[in-house]
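Count the sequence shown with full-length UniProt numbering and you get residues 1 to 601, in order.
We put the CB at the ideal spot given by N, CA and C, even for glycine.
The model shown is predicted, which means the values in this text are computed figures rather than measured ones.
Below is one structure, written out as structure tokens; the observations come after it.
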Amino acid sequence: MSMSRLDQLLSRRHFVIGSSALAAATLSGGLWGCASDEPLGSTGPSDSPEENAADLVLYNGHVQTMVSESEVASAIAIAGNKIVYVGDDSGIDAFVGDTTQVIDLDGKFVSPGFMDGHIHAPGNWYTSLYQIDLTGLSTNEEYLEAIRSFVEAHPDEEAYIGTPFMLNAYQLPDGSNPGPKKEDLDAICPDKPMLIHDVSYHAAWVNSKALELAGVTADTPDPEGGLFYRNEKGEPSGCVSDAAKGIVFAIMPDTMTNDKLEEALYKFMEEANSYGVTGITNIAQGGFDIIDMYHKVEHEGNLTLRMRVVPTMDASCTYDEVLAAIKSYNDSATDMISSNTVKIYYDGVTESGTAVMLQPYLESAGLGEHWCGTPVWPQEDFARLVHDFDAEGVQVHVHAIGDGAVRGTLDAYEEARAANGERDARHTITHVCAITDEDIQRMADLNVVGALQFLWMYGDALCDLERAYIGDERALAMYPVKKMRDAGIAITGASDAPVTPFVVLDEIEVGITRNSPYPEEEDTDMTRWPEQGLTAYQMLEAYTKNVAYQNFMDDIIGTVEVGKFADLVVLDTNILEADAKAISDTRVVYTISDGRIVYEG
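Have a look at this one:
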């Protein structure tokens, strides 16, 4: 495109700056700057186009800056990995040089890159490359066929691990759920341990050899925060959940290496970028040295996801070990990789009967009378962990699903604040499936972030399991997101992948409609408390600026502003004006990570 033609195109549009920061730049001579950390110039671009030339220019678009809903631009200039101009088309020509890549957006929609506030990278890519993969299967017969095929194709493995099965496959007409049986796996492999994760990763299907090596017998009691499913003889039947799963998983050989994780990471990043994702809160898979692999990929110039790497505090490690890992992560932090956050489990999941509830599960669920679930940690121990990490200035990120778990977590956060003093902690609770009105207000008052999984918020198969465990009324009253946001809670979007997919546009649609986003279902009534749906802009906030805030990155990303890193997504549709059901059909045109186009659709 010639400069004269570009000038003609750019002169057709005009834009009035809304942001105070952008307006100040305009008054001082123009929205311009350089890719370094030096202050922006105060006299406007020089007369030499090449001196101010950007590497990438986008114009003739709808740029939703996310500074506020009304602040919209049409053009962006990027030099290196920084945004150096945001404004109208008439000002962009000063940033176009001979080597500038210029993209006419033709009205397309631009926002900050999508972010996921709770995800496990590289997710199912590790399974698909190295383990038994049951993705897309739904019956016991299909599971067994796939498991048998893998074992026959890999006879030299010392153990077999896979994922994901659905507990729905074992639901009985009376509402109880015995789960899968060890005998089915024994028939395939009786002499090596086998462990197959369910879709939530909170339950597992194991064979007799795995139970034997773990020392689990009919006399083994259920651990706090876990369950051994049992047959009519009282023997472990082959399904284990949460802390009970941990006992068996501990004996499985560890075959996960950083080299394998790196191979899976490249696949994961490619997929994430295709969805417009540029940043994640990475509840990390692998050992404490996983950070070395991420920095290796970064130093090679190949990291396309800006991430906060979060280790998990569980029974397999000590507080001192986790704290030391976090401090070492902090010592190596960069603009692409940060940390200073720890994840702690409070409870399990509703569909395994291990979420901690204020009111009992249904007796028909087969968990016994007055069963409310038990915490992973005794409350005193949990509160001590929260207090000690908070005292060290570490952000705490808690898995809490039941309303009892949410209350116990808020109690610990409140106690930590009272003991250590108030600070900008940005402590987080992820999932928050059930919460009382009283605790909604407490969560807001304590400035606790809610990292929520919007794909869980419609009437899918997991909803059916929740209804079987706690009843229709309580299950359909889960996820009061609008109440939470209206109370002042910062809501962030998260997938918990590989538990559920991380296609952000699907998640945004569900957050608005509270119905399925999938073509074969979205015209049916699978709604779940639709009055708790958010607006399209509120959902976009949840997957951009709010995750940046949660991750302490709001000073460098999350909005489209001069001086911030260029993490952007370009869509073929303005999702703020489109029919909600069309959002999941929107196409990602470009994903830009740290100034680089990393996906073109």
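The beta carbon of I435 is closer than 6 Å to those of D403 and V406 in its chain, skipping five residues each way along the sequence.
Excluding its 5 nearest sequence neighbours in each direction, E415 has C-beta neighbours in its own chain below 8 Å: A383, V386 and H387, listed in chain order. DSSP, read as helix, strand or coil, puts P498 in coil. Segment contact: the segment 108-118 against the segment 556-574, three or more CB-CB distances shorter than 8 Å; contact assigned. Collapsing the DSSP output to three states places A355 in coil. Secondary structure in the segment 409-450: the alpha helix (DSSP H) runs of 4 residues or longer, each lying completely within the stretch, are 437-445 in chain order. L58 is not a Cβ neighbour of A79, given a cutoff of 9 Å.
Here G225 is near Y345, since their CB atoms are less than 9 Å apart. Taking C-beta atoms as the reference points, I491 and A580 fail to come closer than 9 Å.
A contact between stretches requires three or more CB pairs, one per stretch, nearer than 8 Å, and the segment 333-341 fails this requirement with the segment 444-452. In this structure, the alpha-carbon of S593 lies about 9 Å from that of Y599. Inclusion of K192 and P236 in the CB contact set at 9 Å is not warranted, their separation being larger than that value. According to the DSSP assignment, S237 belongs to the beta strand (DSSP E) that extends over P236 to D242. Look at Q379 here: in three-state DSSP terms it is helix.
When DSSP states are grouped into helix, strand and coil, D104 belongs to the strand group. In the structure shown, R306 adopts extended strand secondary structure according to DSSP, grouped into three states.
The shortest C-alpha to C-alpha distance from D335 to any of A494, E298 and E369 is the one to E298.
In the three-state DSSP reduction, H154 falls in the coil class, being neither helix nor strand.
Between G162 and L137 a beta carbon distance of about 11 Å is seen, past the 8 Å cut, so the two are scored as non-contacting.
Following the DSSP letters along the chain, one finds T513 inside the alpha helix (DSSP H) bounded by residues V504 to T513. I489 is not bridged by DSSP to any residue. In its chain, beyond the 5 residues on either side, A121, P122, G123 and W125 have a beta carbon closer than 7 Å to the beta carbon of F268. When C-alpha distances from C463 are compared across V503, D88, A53 and R528, the shortest belongs to R528. Inside the segment 231-292, DSSP marks whole alpha helix (DSSP H) runs of 4 or more residues at positions 243-249 and 258-274, from first to last along the chain.
With contact defined as three or more Cβ pairs closer than 8 Å, the segment 535-550 and the segment 485-501 are in contact. Using a 10 angstroms sphere on the CB of H427, the tally of other CB atoms reaches 16 or more, which defines it as buried. H399 has Y345 and T430 as its beta-bridge partners, per DSSP.
Inclusion of A475 and H431 in the CB contact set at 9 Å is not warranted, their separation being larger than that value. Annotation: N273 to L305 spans about 8 Å, alpha carbon to alpha carbon. Around the CB of R485, 16 or more other CB atoms lie within 10 Å, so the residue is classed as buried. Exclusion of the five residues before and after I119 leaves I280, T281, N282, I283, A494, S495, D496, A497 and F502 as the residues of its chain whose Cβ lies within less than 8 Å of its Cβ.
Between A365 and the set G179, A333, Q379 and K296, the nearest pair of CA atoms involves G179.
Taking the C-beta atoms as reference points, G533 is found nearer than 9 Å to V481.
For a cut-off of 8 Å, the C-beta gap from A210 to P223 is around 16 Å, too long to register as a contact.
One Cα belongs to G368, the other to Q131, and the distance between them is close to 35 Å. Ranked by how close their Cα comes to the Cα of S316, the residues F288, I337 and N330 have F288 in first place.
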